[in-house]
Every structure is written in structure tokens, then in C-alpha cells.
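S.K.:
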Amino acid sequence: MAPPVLLPLGLPERLNAWLNDPVDPLWERPPPGPRQLRNDVVGAATFVALALLMTLLTKNMGLRAEGEAAWRAYVAVGLMILPLALRRRFPLGVLVSSSAAFVALSYLSTEVAGQISFQVAYFAALYAAVAWARDRRLLWIAMGFVLLAMTLWIVITFTVTSGYAQMLKSYEEPRGPLPQLTAAVLYTAAVNLLYFGGAIAVGRTSWRGALRRERMAAQAERIREQADELARRAVVDERLRIARELHDVVAHHVSVIGVQAGAARKVLTRAPDAAAEALRTIEDASRTAVGEMRSLLGVLRSETDTVRGDGGRAPVPNLAELRGLVASHRRPGLDVELAAVEQRPGDLAGVTAPVALSLYRTAQESLSNVVRHSTATRAQVTVRTGGADGAGWAEVEVVDNGQPRPGTHGSGYGLRGIRERVHLHGGEAEIGPREQAAGWRVRVRLPLGRTAGRPVEPPASDHRPHQPAR
């Protein structure tokens, strides 16, 4: 199917799109607040005082119309400026009244009609009408009548009255290719075009600016709401991932308890020592299960576990899979190394499954951030154990030698997930730039409890194992 043909817009459509908002033609600028209205009153009063002072100075300079009473200029200036106190509250009313006052007061005082304060007052009324009128259709109808009336007034002044003829007689003999009257008409038309056109253009810019600010504020509010929702989802998703561990923890320890309880029942009367050993195993398993369940019950969820394509349950990553994780992040220009530092040989084999998973996820997120957001050429993953008996800990540390990559930025939800896991296990985390060298550092330390059942295999190190703890 052929693509649609876009028809060119006609002049009325283009003019309407320029004057109004083509996306939302019914949008209205919010009315001014009490503070803005007070500022308008104060500004108009100050302008009146300044204009009266300027009128007094011009009279003292000798710029006075012959045969005109002195009071007329002061009255004309005051009456022209005073409506500006309401220009933002009643923009169309001020436009119409100022237009009528401009014509009437020009006849009342020809002396003040050409003064800058008189012209600025009318310019402000035109500008305020375009910038603040809420009914745009009524605005452009009123503006059309005003422009038509002003055009007719200028034409009548040139053709019917003798004002311009008397003014031209006071000038020197004209020199140039155009007749004197023609030059005066063209000059007056150009000045009025710039005057009215400038007021309309500046007012439209102000109105468009208000529209743009409101849209940006609405967009910022939507972005904030979406960010809050994404943050909430990130926390929920991270807790759901943690909650998947509950099934494995409970199933493993309950299985151990069940097997050992059955064995103890069978040998209870024949081999008391074997039964006592089985009961000790049950005691250890139950204590470990209770400790781990306390940290997981807060994030129970109703979703089913992630499954593989063959319908089996997806395996939970542990420390033994760190070697594969490190290898998957190696690439040309990025060397990733893994080191295991144990306080005593075999400590990493005793790390519980939830702690091992949290350490694995920390390393996974940290290496992903290095690839996406860093210029690093080298990254080091170190998993350690330490502490005294009964207060042991395991930690993972990921450091790199890079700087933030220009043009990339993350959402921060990955780091938030790391902190969520740390909080869940009652551990501690240090995340931020390295102090002694270039690069970024993520270190997560989690406390260890007593372990029951079969331990996981420790991760194979790229360096010499059993290094002394730092």
C-alpha cells in the first residue's frame, strides 16, 4: 500500500497553528496568582508616577502643543496607564479599553500622543492580551477588530483630517525619489507594523513559554511517578528472586531432618550413640533452617519458581559458579580475574546457600556494570571468609580500574537490589569509587551461621588458594 500523501497546509491553517497550540487548541493559560496581581497594581502605579514625571520634564523642556491646556497631558498619561493594573486578570477587557483610550486620548492631548510612555502603555496592553487571554478564539477576533480600527484611524488621519498635512508643512523641503506624502505613509505603515507585530510576537512567545513550562512540569511529574513505580518494581522483583531461595532452604533442611529422624527411630534401642548423633544433626539442621527462614519469611511470594524449558526447576547459582561467571565477562580489552581467600581451608564450602546466592548476584551485577558503564580494562573478583568462631563472615569484592563511560548511565536499581540483599542478611556493603586508585569498588560482607547438610564446592581461583585474609 502506498504511503499517505500529506497535503500542504493552507495559509489559514498555518496561521492558526502559529497563533494557537495545534496539539491542544483548547489549552488555557492558568490565571495569575494573588502575588502577580499585586505586582501588576504596584507596577502600574510606579509606571504612572514615572510617566507623570517624564511629562513634567518635557513641558519644562518646552515640548508643548500650542493652545493645549497643561492638565490634558497629565490626564491622558494617567488614563492610558491605569488599566494596566488589570492587564493579566482581564486581558481582553484591557485590550479593548486601551485601544479606545489610545484613539480618544490622542485627540485629548496631541502633546502626549507621541511620548514614549504613552506608546509603551499601549504596547503592554497588546502584549498582555496575547500572552494571558484564556479564550484564544475570542482573543484573535478582538485583535482583528482592533487592528482594523487602528488601520482605519490611520487612513482617516491621512485622508480626511489635516493633521498630517500640517505636520508635513513643518518639515524642510523633501529630498529623495519619493513624494513627501508617500514617504510618510510608508514610514507610518512600517512603524505600526513593527509596533503591533512586535507586541503580538512577544505576547505569543510568552504564552507558548507558559504552555511549554506546564507540559514540562506534567512530564516531570509523570517521570517521577514512573521512576517511583520502577523503583518499587525493582525492590519487589529483587525480593521475589530472594524468595525463590526459601523453597530450596526449607526443602533441603526438612529432608535432612526427615532422613535423620527416620534413622534415629530405627536405631534408638539398638545403638543409642548413633541415635544421639542423628539427633544432633537434626538439631543443627533445624537451627540453621530457622535462622535462614527468619531472613526469608518477609519476602515470601506466591509466584512459582523459574523453570527451564524442559520443565525442571532452574538451579540456584552458588559460589562454585563464580568461575563461569567471570569467564563469561572476559572479552577483548577487559581481563577479569577471580581469587578465593579463605581464613581456613574449606571455609567457602561451608557458606550457606542463601548467602552464596547473594554473593554470586553481587558479583554478577557488579561485573555487568563494569561492562556497561566503565572504561575498565581489568576487573578483579575476590571472595573471602573470615571472623572468629560463631561470628564468621563471607564477602565478595569487585574492583576495576576504569572511569565512567561517557554517554551511559544506569537506573541504580541493580545497586539497590544489592543493598536489599545485604539488609536481608544483616550484612554490610561498601559501594563507590576507589580511594587509592582509579576505578569502582563493590564490597559486600554477609554474616555466616552454622551450616547443616551437604556444602557447596568452593569456587576455583585464578590465583594461589588459601591466601591469608586481608
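For reference, each letter of the sequence shown is one residue, going 0 to 469 in numbering that gives the first Met the number 0. Backbone N, C-alpha and C define an ideal beta-carbon position, used for all residues, glycine too. Note that the structure is a prediction, hence the values are computed from the model and not measured.
According to DSSP, which residues form a beta bridge with Gln35?
M.R.: Sequence index remark: in the sequence shown, residue 35 carries index 36 (1-based). None, per the DSSP bridge assignment.
S.K.: Using a Cβ-Cβ cutoff of less than 8 Å, which residues in the same chain neighbour Pro432 once the five nearest sequence positions on both sides are dropped?
M.R.: As a working note, residue 432 is residue 433 in the sequence shown. Hits under 8 Å: Gly438, Trp439, Arg440.
S.K.: Under the three-state reduction of DSSP, which class applies to Ser373: helix, strand or coil?
M.R.: Numbered from its first residue, the sequence shown carries residue 373 at position 374. DSSP places Ser373 in strand when its eight states are reduced to three.
S.K.: Could you say which of Arg420, Ile430, Phe46 lies nearest to Val472 if we only look at CA atoms?
M.R.: Summary: the structure shown does not reach residue 472, with the chain confined to residues 0 through 469, and so no result is reported for it.
S.K.: For the alpha helix (DSSP H) that contains Val145, what are its first and last residues?
M.R.: Taking the sequence shown and counting its residues from 1, one reaches residue 145 at position 146. From DSSP, the alpha helix (DSSP H) with Val145 extends over 135 to 158.
S.K.: Which of the three DSSP states is assigned to Trp26 in this structure?
M.R.: Stepping through the sequence shown from its first residue, residue 26 is reached at position 27. The answer is coil: DSSP assigns Trp26 none of H, G, I, E or B.
S.K.: At a cut of 8 Å, does the region 339 to 346 reach the region 361 to 374 through at least three beta carbon pairs?
M.R.: Flag = no, the region 339 to 346 and the region 361 to 374 do not touch.
S.K.: Below 8 Å on the Cβ atoms is my contact criterion, and I expect Ala50 with Arg86 to pass it. Report the Cβ-Cβ distance as a whole number of Å.
M.R.: One-based indexing of the sequence shown puts residue 50 at position 51. One-based indexing of the sequence shown puts residue 86 at position 87. So it is not a contact: roughly 16 Å between Cβ atoms.
S.K.: Within the same chain, show all residues whose beta-carbon is closer than 6 Å to that of Arg135, passing over the 5 residues directly before and after it, in chain order.
M.R.: By one-based count along the sequence shown, residue 135 stands at place 136. Same-chain partners within the cutoff: Asn19.
S.K.: Let me check understanding here. Comparing Cα to Cα, which of Phe101, Thr181, Glu213, Gln218 lies closest to Ala148?
M.R.: In the sequence shown, the residue the question calls residue 148 occupies position 149. Here the closest residue by C-alpha is Phe101.
S.K.: Could you compute how far the alpha carbon of Gly61 sits from the alpha carbon of Leu177?
M.R.: Here the question's residue 61 lines up with position 62 in the sequence shown. Here the question's residue 177 lines up with position 178 in the sequence shown. Near 32 Å, if we compare the C-alpha coordinates of Leu177 and Gly61.
S.K.: Looking at the strands, I want to know which residues DSSP matches up with Asp20.
M.R.: Taking the first residue of the sequence shown as 1, we reach residue 20 at position 21. Answer by DSSP bridge pairing: none, since Asp20 is not bridged.
S.K.: Within 10 angstroms of the Cβ of Val129, are there 16 or more other Cβ atoms? Answer buried if so, exposed if not.
M.R.: Within the sequence shown, residue 129 is the residue found at index 130, counting from 1. Its Cβ being crowded by 16 or more others within 10 Å, Val129 is buried.
S.K.: Could you have a look at Thr381 and say whether DSSP puts it in helix, strand or coil?
M.R.: Along the sequence shown, read from residue 1 onward, the residue named residue 381 stands at position 382. If DSSP states are grouped into helix, strand and coil, Thr381 belongs with the strands.
S.K.: I need the straight-line Cα distance from Glu67 to Thr57, nearest angstrom please.
M.R.: Locating residue 67 in the sequence shown gives position 68, where the first residue counts as 1. Locating residue 57 in the sequence shown gives position 58, where the first residue counts as 1. If I take the Cα positions, the gap works out to 14 Å.
S.K.: Do you know offhand how far Ser98's Cα is from Ala43's?
M.R.: Here residue 98 is taken as the residue at index 99 of the sequence shown, counted from 1. Here residue 43 is taken as the residue at index 44 of the sequence shown, counted from 1. For Ser98 and Ala43, the distance between alpha carbons rounds to 17 Å.
S.K.: Could you pull the start and end residues of the alpha helix (DSSP H) that Leu104 belongs to?
M.R.: Numbered from 1 along the sequence shown, position 105 holds the residue referred to as residue 104. Start and end: 90 to 107.
S.K.: What does DSSP give as the partner residue(s) for Val398 in the beta ladder?
M.R.: As a working mapping, residue 398 is identified with position 399 in the sequence shown. Gln379, Arg440.
S.K.: Check whether the Cβ atoms of Arg496 and Leu125 lie closer than 8 Å to each other.
M.R.: No answer is possible for residue 496: the residues shown for the chain start at 0 and end at 469.
S.K.: Compute the distance between the beta-carbons of Thr54 and Val111, then report whether it is under 8 Å.
M.R.: For the purposes of this step, residue 54 is taken as residue 55 along the sequence shown, with counting starting at 1. For the purposes of this step, residue 111 is taken as residue 112 along the sequence shown, with counting starting at 1. A contact, by the Cβ cut-off of 8 Å.
S.K.: Could you check where the beta strand (DSSP E) with Gly77 kicks off and where it finishes?
M.R.: Translated into the one-based positions of the sequence shown, residue 77 becomes position 78. First-last for Gly77: 69 to 80, but that is the alpha helix (DSSP H), not the beta strand (DSSP E).
S.K.: Under the three-state reduction of DSSP, which class applies to Pro331: helix, strand or coil?
M.R.: Here residue 331 corresponds to residue number 332 of the sequence shown, with the count starting at 1. Looking at Pro331 - three-state DSSP - the assignment turns out to be coil, as it is neither helix nor strand.
S.K.: Give every residue of the same chain whose Cβ lies closer than 6 Å to the Cβ of Glu396, excluding the five residues on either side of it in the sequence, and list them in chain order.
M.R.: Residue 396 sits at position 397 when you count from the first residue of the sequence shown. Excluding sequence neighbours, Glu396 sits near Thr381, Arg442.
S.K.: What's the call for Arg279, buried or exposed, on a 16-neighbour Cβ count within 10 Å?
M.R.: Locating residue 279 in the sequence shown gives position 280, where the first residue counts as 1. With fewer than 16 other Cβ atoms within 10 Å, it is exposed.
S.K.: Tell me, which residues are paired with Pro446 by DSSP?
M.R.: Within the sequence shown, residue 446 is the residue found at index 447, counting from 1. Answer is Trp392, bridged to Pro446.
S.K.: In this structure, what does DSSP give as the bridge partners for Val340?
M.R.: What you label residue 340 is simply residue 341 of the sequence shown in a count that begins at 1. According to DSSP, Val340 bridges with Arg383.
S.K.: Return the residue from the list Pro403, Ser365, Pro446 that minimises the CA-CA distance to Arg383.
M.R.: Translated into the one-based positions of the sequence shown, residue 383 becomes position 384. Here the closest residue by C-alpha is Pro446.
S.K.: Just reading off the alpha helix (DSSP H) that Ala127 is part of, what are its end residues?
M.R.: Within the sequence shown, numbered from 1, the residue matching residue 127 stands at position 128. From DSSP, the alpha helix (DSSP H) with Ala127 extends over 115 to 131.
S.K.: I'd like the span of the beta strand (DSSP E) that includes Ala428, first residue to last.
M.R.: Sequence index remark: in the sequence shown, residue 428 carries index 429 (1-based). Per DSSP, Ala428 belongs to the beta strand (DSSP E) from 427 to 432.
S.K.: Which residues in the same chain have their Cβ closer than 6 Å to the Cβ of Leu358, if we skip the five residues on either side of it in sequence?
M.R.: Residue mapping note: residue 358 aligns to position 359 of the sequence shown, counting from 1. So the qualifying residues of the chain are Val395.
S.K.: Suppose you measure from the CA of Glu213 to the CA of Trp131; what does that come to, to the nearest Å?
M.R.: On the sequence shown, position 214 is the one that residue 213 refers to. On the sequence shown, position 132 is the one that residue 131 refers to. Between Glu213 and Trp131, the C-alpha separation is close to 14 Å.
S.K.: Using the C-alpha atoms, what's the distance from Ser96 back to Arg133?
M.R.: The residue labelled residue 133 in the question sits at position 134 within the sequence shown. The residue labelled residue 96 in the question sits at position 97 within the sequence shown. C-alpha separation (whole angstroms): 18 Å.
S.K.: Arg378 to Arg330, Cα distance in whole Å?
M.R.: Here the question's residue 378 lines up with position 379 in the sequence shown. Here the question's residue 330 lines up with position 331 in the sequence shown. In the sequence as displayed, the identity of residue 378 is Ala instead of Arg. The straight-line gap from Cα to Cα measures roughly 11 Å.
S.K.: Thinking C-beta only, is Val47 closer than 8 Å to Leu94?
M.R.: By 1-based counting over the sequence shown, the position of residue 94 is 95. By 1-based counting over the sequence shown, the position of residue 47 is 48. Cβ distance not < 8 Å, so Leu94 and Val47 don't count as in contact.
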